[in-house]
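Report on the structure given below.
There are 2 protein chains.
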Amino acid sequence: MSDEDFMRQAIQLATTQMLADQGGPFGALIVHESRVISEGWNQVTSSNDPTAHAEIVAIRGAAEALGSYALADCDLFTSCEPCPMCLGAAYWAGVRRIVFAASRQDAAKGGFSDEFLYQELPKAIEDRQIPTIQLLGTEGWAPFAAWLAKEDRIQY
Amino acid sequence: MSDEDFMRQAIQLATTQMLADQGGPFGALIVHESRVISEGWNQVTSSNDPTAHAEIVAIRGAAEALGSYALADCDLFTSCEPCPMCLGAAYWAGVRRIVFAASRQDAAKGGFSDEFLYQELPKAIEDRQIPTIQLLGTEGWAPFAAWLAKEDRIQY
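Chains A and B are the protein sequences, given in the same order. Quick note: the first sequence uses this note's numbering, first residue 54, plus one each step. Quick note: the second sequence uses this note's numbering, first residue 54, plus one each step.
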């Protein structure tokens, strides 16, 4: 299957699952060695999980399928440009490539906050819409100190 | 309990669960009406889930506890400044307030990529480390067109 085939499958998934009242109109696939190893679609409203975006669901499924938190040699196909949450997940998973169809501006036209989040995240903490503060910063180092002292730690 | 009490609980969770080989040194709580309704800790390496950061786990748990994808009147306490994935999740969940202890620079000193991701996400797509391309952008609008035509859609 070609990149276009995988993408059409992701787009179809977005429409089909949304029409089945699963959530917003988003679909995603993880492809490993030219084979789809997981599918994801938005399930925020049906599963009451604000993190259940198509890409997150697909990434979690692929990690389970491969038995690894590192999705080496995996490509993420998604019907819409990943939001910052999902882009962050793709980086943590270490996918090889990200291929998307609709843009964050299309998502905005559909009523979703992706573009807003891209504006919001790089801002200084004190300028963000959700009030955010640092507290006990010095005590917050303790878990890292214990981590660095742990000789058998699994760095990722 | 005071903000400091909640934060010390999150920090303690980070150390305890990391020492129990759950994953990286991160802990988080969701507080609703002055009560802890969920706890989360990093489980990336123990559960083979690259999205299982402390905040994501805590947010999913709180949404389950409240039976809602919208965490209104909920505060997120986390032992370390949320990475872009987790900050995005906090915004999608609509938490009221984010309180963190260690900074993204502390996380970098501990060997984690949070600061790198904050640098990476605002970049133009073509300048990012993971190759990212748009494909079939016009066809990608179809799920949104179907969404906007769906009269009983649940916008979030």
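All C-beta atoms in this analysis are idealised placements derived from N, C-alpha and C, irrespective of residue type, glycine included. Computed from a prediction, not measured in an experiment: that's the story for all the values here.
Proximal residues of chain A, C-beta to C-beta of residue i below 9 Å
i        : result
Arg150/B : Ile183, Pro184, Thr185 and Ile186
Range of the contiguous alpha helix (DSSP H) that encloses residue i
i        : result
Phe59/B  : Asp56 to Leu72
Leu119/A : Ala107 to Leu119
Phe79/B  : That residue, Phe79/B, is in no alpha helix (DSSP H); it is neither H nor E in DSSP.
Pro103/A : Neither: Pro103/A is in no alpha helix (DSSP H) and is coded neither H nor E.
Pro135/A : Here Pro135/A belongs to no alpha helix (DSSP H), and DSSP marks it neither H nor E.
Ala199/A : Ala195 to Leu201
Simplified DSSP assignment, three categories, for residue i
i        : result
Asp128/B : strand
Ala155/A : strand
Ile178/A : helix
Start and end residues, beta strand (DSSP E) containing residue i
i        : result
Trp94/A  : Arg88 to Trp94
Phe169/A : Per DSSP, Phe169/A belongs to no beta strand (DSSP E); it is in the alpha helix (DSSP H), Asp167 to Glu173.
Val148/A : No beta strand (DSSP E) contains Val148/A, which DSSP labels as neither H nor E.
Gln33/A  : Any question about residue 33/A goes unanswered here, given that chain A covers just 54 to 209.
Neighbour list for residue i in chain A, Cβ cutoff strictly below 8 Å
i       : result
Arg88/B : Under the 8 Å cutoff, chain A gives no residues; its nearest Cβ is about 19 Å from Arg88/B.
Own chain partners of residue i with C-beta closer than 7 Å, once the 5 adjacent residues on each side are dropped
i        : result
Pro147/A : One detail in the question is off: residue 147/A reads as Gly in this sequence, not Pro. So the qualifying residues of the chain are Ala123, Leu124 and Ala125.
Asp240/A : Residue 240/A falls outside the range modelled here, since chain A spans only 54 to 209, and no answer is possible.
Ala195/A : none
Residue i: contacting residues in chain B (beta-carbon distance under 7 Å)
i        : result
Met138/A : Met138, Gly141, Ala142 and Trp145
Ala195/A : Ile64 and Thr68
Ile83/A  : Near Ile83/A there are no residues of chain B at all, since even the closest Cβ is about 12 Å away, more than 7 Å.
Proximity test, Cβ basis, 8 Å: residue i and chain B
i        : result
Met54/A  : no
Gln208/A : yes
Asp180/A : no
Cys127/A : no
Glu92/A  : no
Glu57/A  : yes
Ala155/A : yes
Ala199/A : yes
Same chain, Cβ closer than 6 Å to residue i, neighbours up to 5 away in sequence not counted
i        : result
Pro78/A  : Ala67 and Met71
Gly32/A  : Residue numbering for chain A in the displayed model covers 54 to 209; residue 32/A lies beyond these limits and cannot be assessed.
Val84/B  : Phe59 and Asp128
Gly76/A  : Asn95, Gln96, Val97, Thr98 and Ser99
Cys136/B : Asp167 and Leu170
Ala90/B  : A small fix is needed here, since residue 90/B is Ile in this sequence, not Ala. Counting only Cβ-Cβ distances below 6 Å, and skipping sequence neighbours, we find Ile83, Ala115 and Ala118.
Ile112/A : Ala142 and Ala146
Spatial neighbours of residue i in its chain, beta-carbon cut-off 8 Å, leaving aside the 5 residues before and after
i        : result
Gln158/B : Glu168
Gln182/B : Glu173
Glu86/B  : Asp126
Trp200/A : Arg206
Ser156/A : Cys133 and Glu134
Below-8 Å beta-carbon distance, residue i vs any chain A residue
i        : result
Ala177/B : no
Ala116/B : yes
Glu192/B : yes
Glu173/B : yes
Contact list for residue i against chain B, beta-carbon separation under 9 Å
i        : result
Arg113/A : Asp102, Pro103, Thr104 and Ala105
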